[in-house]
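Residue numbers (the numbering used here): 136 to 496. Note that beta-carbon positions come from the ideal geometry of N, C-alpha and C, so glycine has one too. If you're wondering where the values come from, they're calculated on a predicted model, not measured in any experiment. Step one of this worksheet: look at the structure below.
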């Protein structure tokens with residue numbers, strides 16, 4: 136009944152709590168012979184780390200990935216890859232005074248009700264600290280996918296009501312050079328001003344992340360219950376604070392006619408492709424060879440210093456101001472998490488698809 140594993144052929148099992156000794160994971164099914172680019176893995180981890188600026192948490196972990204198995208002479212062995220990421224910068228004393236309080240919109244109450252016990256330090260297992268494991272595993276999945284020409288990139292497409300034009304083509308260099316992974320410099324400035332003002336107010340704000348995947352072959356996905364968009368949706372909705380997922384035209388397709396939303400087929404050099412891409416690169420639950428694109432909506436971070444009304448474990452009404460070191464918004468730190476989860480799903484489906492064709496890595 137455990138919900139700590141994702142993937143069927145390429146899978147990740149995650150473990151650890153926010154203020155425990157470490158978080159970590161076991162990757163199973165990763166093909167052998169993949170050269171581990173440790174600089175790339177470290178760079179991916181650095182993208183998720185707090186940057187120390189005013190709108191991100193002041194808890195800055197080293198996030199060094201220690202591999203325990205599955206690697207020999209810098210290459211994957213095809214055996215389970217176990218790794219840990221030690222927690223070194225936690226301050227459990229921050230939560231001592233609210234250990235018996237159910238913080239508003241957190242997992243405190245439901246974890247207590249389900250398990251009869253919970254780790255109140257930083258949210259324990261429900262903390263976004265766990266996403267470091269996803270990024271480490273996702274980096275390995277990315278290295279595997281890159282061998283087969285598949286590239287993933289995400290960017291911050293909205294913070295509050297400040298929105299980027301998602302119909303535009305953006306350069307990866309513009310995304311990665313941005314302080315918050317927003318490719319539109321004017322919108323980035325507005326977003327940063329909003330985040331800094333909210334930090335001063337002790338409040339938070341939501342965000343949207345947009346993802347584009349290039350180089351995906353036709354046929355990834357396993358209808359009917361493991362359709363590609365279904366597995367992507369599940370992966371995205373498993374990320375802390377995720378509240379919505381849409382691919383292709385998404386909810387705006389409700390306003391379109393079939394003649395406006397349908398993708399037309401064209402033939403070029405004896406090869407079939409689609410002229411438009413309203414489907415977001417997925418049709419009938421299978422990738423169609425076009426770019427896959429989707430967006431994920433994230434709620435405002437629940438840990439804020441503004442005083443709020445809640446209850447304690449004795450069902451007394453209390454006022455609480457959440458102490459500790461917290462982000463104002465999931466952006467930009469969730470961007471590499473979205474990419475990592477995308478990579479894990481695509482790596483799994485790539486292996487499942489090629490299992491039909493006696494695939495060799």
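Listed in chain order, the alpha helix (DSSP H) runs fully inside the region 383 to 460 are 393 to 396, counting runs of at least 4 residues. The straight-line gap separating the alpha-carbon atoms of residue 331 and residue 197 is approximately 25 Å. If only uninterrupted beta strand (DSSP E) runs of at least 3 residues are considered, those enclosed by the region 272 to 348 are 286 to 294.
Inter-residue distance for residue 164 and residue 484 is about 12 Å (C-alpha atoms, whole angstroms).
In the structure shown, residue 360 adopts coil according to DSSP, grouped into three states. An exposed status is given to residue 245, since fewer than 16 other beta-carbon atoms sit within 10 Å of its beta-carbon. Between residue 220 and residue 271 a beta carbon distance of about 7 Å is seen, short of the 8 Å cut, so the two are scored as contacting.
Going by C-alpha positions, residue 407 is about 18 Å away from residue 420. Here residue 436 is not near residue 368, since their CB atoms are 8 Å or more apart.
In the DSSP assignment, residue 175 falls within the unbroken alpha helix (DSSP H) covering 173 to 183. By the 16-neighbour rule on beta-carbons within 10 angstroms, residue 307 is exposed. The beta carbon of residue 183 is closer than 6 Å to those of 270, 468, 471 in its chain, skipping five residues each way along the sequence. Under the criterion of beta carbons closer than 8 Å, residue 149 and residue 142 do not qualify as touching, at roughly 11 Å. 414 is the residue among 379, 382, 414 whose C-alpha sits nearest the C-alpha of residue 395. Residue 216 and residue 162 do touch by the CB rule: their CB atoms are close to 4 Å apart, below 8 Å. Taken through DSSP and simplified to helix, strand or coil, residue 376 comes out as coil.
The Cβ neighbour count for residue 418, taken over all protein chains shown within 10 Å, is at least 16; the residue is labelled buried. Taking residue 364 as the centre and dropping the five residues before and after it, the same chain places the C-beta of 382, 417 closer than 6 Å to its C-beta, in chain order.
In this structure, the alpha-carbon of residue 179 lies about 33 Å from that of residue 441. Judged by their CB atoms, residue 137 and residue 262 are not nearer to each other than the 8 Å cut-off.
DSSP lists 157 as the beta-bridge partner residues of residue 221. Note that the C-beta distance between residue 243 and residue 253 is below 8 Å.
Remark: C-beta atoms of residue 448 and residue 292 do not approach each other more closely than 8 Å. For residue 200, the beta-bridge partners assigned by DSSP are 220. DSSP places residue 214 in no beta strand (DSSP E); its state is neither H nor E. Comparing alpha-carbon positions, the option among 349, 350, 351, 366 lying closest to residue 357 turns out to be 366. Using a C-beta cut-off of 8 Å, the region 201 to 210 makes no contact with the region 282 to 296, since fewer than three inter-stretch Cβ pairs fall below that distance.
Distance from the Cα of residue 207 is smallest, within the candidate group 181, 169, 344, 409, for 169. Apart from the 5 residues on each side of it in sequence, residue 465 sits with its Cβ closer than 7 Å to the Cβ of 342, 376, 433, 436 in its chain, given in chain order. Here the alpha carbon of residue 452 sits roughly 15 Å from the alpha carbon of residue 240. A Cβ-Cβ contact shorter than 8 Å links residue 299 with residue 322. Counted as a single uninterrupted DSSP element, the stretch harbouring residue 144 is not any alpha helix (DSSP H), since DSSP gives it neither H nor E.
Spanning the alpha carbons of residue 481 and residue 249 requires a straight line of approximately 32 Å.
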